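Reviewing the structure listed below.
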Amino acid sequence: MCGIVAYIGHREACPIIIKGLKRLEYRGYDSAGVALLNGDLNVYKKKGKVSDLQAFIGDKDTHSHIGMGHTRWATHGEPNDSNAHPHYSSSGRIAIIHNGIIENYASLKTLLQSKGFTFYSDTDTEVFINLIEDIQNENNCTLEEAVRLALHEVVGAYAIVVLSKEEPNQLIAARKGSPLVIGVGKDEFFLASDATPIIEYTNEVVYVNDYEIVVIKDGKLNIKTREDVPTTPYIQTLQIELDSIEKGGYEHFMLKEIFEQPRSIHDSMRGRLVAASNHLVLGGFLEFEKKFVKAKRIIIVACGTSWHAGLVAEYLIEDLARIPVEVEYASEFRYRNPIIKEGDIVIAISQSGETADTLAAIELAKSKGATIFGICNVVGSSIARASDAGAYTHAGPEIGVASTKAFTAQVTALTLLAMMIGSKRGTIEDSKLRQLMIELENIPAKVEKALELNDKIVEISEEFKDAPNCLYLGRGYNFPVALEGALKLKEISYIHAEGYPAAEMKHGPIALIDENMPVVVIATRDSSYEKIVSNIQEVKARKGRIIAIVTEGDQVIPAMAEYVIEVPETSEILTPLVSVIPLQLLSYHIAVMRGCNVDQPRNLAKSVTVE
Ligand code: F6R
């Protein structure tokens, strides 16, 4: 949700910033801008994509060694040139980029207007920079001091970078609630919302903490708290490969990430599961083994696709570990005074590790005494750091806005967790555990096989690409998969889609079914197979057009469905890892055929850092 990037050092800043913004464009793409310091403080900004900004900059003189850039996902004010960042202060002396929301901007704006400040945009960010300027004027202080004092006045979330033409060798940044990473190079520094713009220059990074202020001046990095107390930067070495953030020959990141799943699922299990030697270990779990074994209840908090992975985990944990599980939308949980009892464990699931609602749900659960176990993909992310323990999913960077490989990696990590809890609680028989370990190890090969369905799915997509609506049905472990399939279709192809438990269809959605309604039924051979066959009959009786996802060799459903997609057989509890693959491909191809921007769907952003 908005991407920020900044550079100070010996290289030309502008190309580094533009390249960084392209890497961060998945976070927001309503407008983009840069500010460059070279005697003057020049701002170039434009509605649209980073490529529109590039065209606008054209051959203007961008020579500079200090600068910052922003790609926006609009919160306050529509996407247009004037609302794009960076924003100047009223005097034009200082400029800011900002990711987050300033909640008390309206009262601050009124105050500043009464003091004669003029505003040229509808944004909360312009209020922030004028507040800094006002404080600097009133106190006759340095920019650093003015930023520090301003941080005490604003309520909300922010990651900011501020530049001043009067203090030209300095970058100032700060964070609360929105991510900010510093890249530490040789005589140069980078700042960004995540590490992707940084890693081609350096893999040494510092994650900025909430309420910290970063001052990079004359080649030196200093970090202080908002109370002006110096802190020692903790430099970490990242393991991300450059290849993993590039398209690698695929037309879209989403397609690349779908096809990466055999490897990403394998990576989620690497070092954690070796069936041949009966090795099953999830590092983070060990720290809290006793708590998990004794837990009376597990609450899962997440949003979107991660919430769907949470639903799969509910089935898994209740099946294998016999602990009651509740799955909550983080956005609801945080505002409804939930009952948390001693001994409750909260599992927070998040690809980005930055989702504002999930982070707030964690803080609330913590304040009520719960133990937090995080399942995150992004190493060093806010949710990973706010958790008491956890497991990384190791899916590698996910750039496509629609989540694919993160989902299967989350389900893999959660399966390992459920197996571990079950084995320690003695609720899963050894023979069943062994069989599951072997079966889970075989999943990457089965996903590989499911990916071979791609050509067939292209044909089916051609047939259904113009449908205005689509229904997805599943039961048991395939119910969350139905929700996920529907979410994928609506978010990237803008086709209205609903996921339902197949039996619930009779309680309403069946009224929608006629000869124009495509119904995707996930009907792999499992304990509710006979039941879902009856549901298919019910759809067929109303002339619905059925696309069925079935287990290889199914003899019954092909006679009823218009299209059949056969996926490899696996254990019932592992089915989502395989049955979701054709649904990801279906949504991808339909979106491409409809001319949609698959990697950057309208109105969406990858990382939702505002509530
Ligand atoms: C859907 C999608 C979103 C995210 C949701 C949570 O394809 O990507 O629904 O799953 O915004 O994001 P994380 O997992 O980063 O907390």
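Residue numbers (this note's numbering): 6 to 616. From the three backbone atoms N, C-alpha and C, an ideal C-beta is built for every residue, glycine too. As the structure is a computational prediction, the values presented were derived from the model and not from experiment.
Whose C-alpha, out of D64, N104, G315, C19, is nearest the C-alpha of Y42?
What sits at residue 42 in the sequence shown is Leu, not Tyr. Comparing Cα positions, the closest option is C19.
S584 at chain B interface by Cβ criterion, 9 Å:
Among the chains in the structure shown there is no chain B, since it carries only a single protein chain.
Any idea which residues DSSP pairs N47 with across the strands?
L41
Taking the alpha helix (DSSP H) that I586 falls in, what are its first and last residues?
580–598
Taking E444 as part of the alpha helix (DSSP H), name the residues at either end of that continuous run.
435–446
Any contact between the stretch 443–451 and the stretch 489–502? By contact I mean 3 or more CB pairs, one from each, below 8 Å.
no
Note the first and the last residue of the continuous alpha helix (DSSP H) segment covering K429.
410–430
Residue span of the alpha helix (DSSP H) that contains A345, given as start and end
The question names Ala, but residue 345 in the sequence shown is Ile. It is not in any alpha helix (DSSP H) - I345 carries neither H nor E in the DSSP assignment.
Hey, which residues come within less than 7 Å of ligand 3, measuring from Cβ to any heavy atom, in chain order?
This structure simply doesn't include ligand 3; it includes ligand 1 instead.
Touching or not, the stretch 373–383 and the stretch 328–336, by the rule of three or more beta carbon pairs under 8 Å?
no
So which of R341, E319, L419, K252 has the shortest CA-CA distance to G288?
L419
By Cβ distance below 7 Å, which residues in the same chain neighbour T128 in space, the five residues on each side in sequence not counted?
H81, G82, N88, H92
By DSSP, does C146 sit in helix, in strand, or in coil?
coil
Nearest to A318 (by Cα), restricted to the options S112, D223, T417:
T417
Exposed unless 16 or more other CB atoms sit within 10 angstroms - verdict on D435
exposed
Compute the Euclidean distance between the alpha carbons of I245 and I270, then round it to the nearest angstrom.
17 Å
Residue nearest to K222 in terms of C-alpha spacing, selected from L148, E138, R180, R599:
L148
I need the boundaries of the beta strand (DSSP E) containing A353, first residue and last residue.
350–355
Whether or not the stretch 570–587 and the stretch 596–606 are in contact is what I'm after, with contact meaning three or more pairs of Cβ atoms, one per stretch, closer than 8 Å; do they touch?
no
Thinking just about the alpha-carbon of each residue, which of C146, D272, G427 is nearest to the one in Y397?
D272
Assign S539 to one of two classes, buried (16 or more other C-beta atoms within 10 Å of its C-beta) or exposed (fewer than that).
exposed
For the alpha helix (DSSP H) that contains A366, what are its first and last residues?
361–372
Just how far apart, CA to CA, sit D199 and S282?
38 Å
Considering H501, what are the terminal residues of the beta strand (DSSP E) in which it resides?
501–506
Proximity to A100 [Cα-Cα], best of Y320, M73, I203
M73
Nearest CA to the CA of N608: which residue from I203, N208, D35?
D35
From Y12 to G405, what distance separates their C-alpha atoms?
25 Å
Kindly indicate which residue of I426, G401, P238, D559 has the alpha-carbon position closest to the one of E535.
D559
Among the candidates I102, N174, V572, whose CA atom is the shortest distance from the CA of L458?
V572
If distances are taken between C-alpha atoms only, which option among I304, I23, L494, A151 comes closest to K50?
I23
According to DSSP, is V603 part of a helix, a strand, or is it coil?
coil
Would you decide whether R277 is buried or exposed? Buried here means 16 or more other CB atoms lie within 10 Å of its CB.
buried
Looking at I367: is its Cβ nearer than 9 Å to the Cβ of S392?
yes
So what does Y477 bridge to, in DSSP terms?
G504, V525
Between the C-alpha atoms of F338 and A596, what's the straight-line distance to the nearest angstrom?
33 Å
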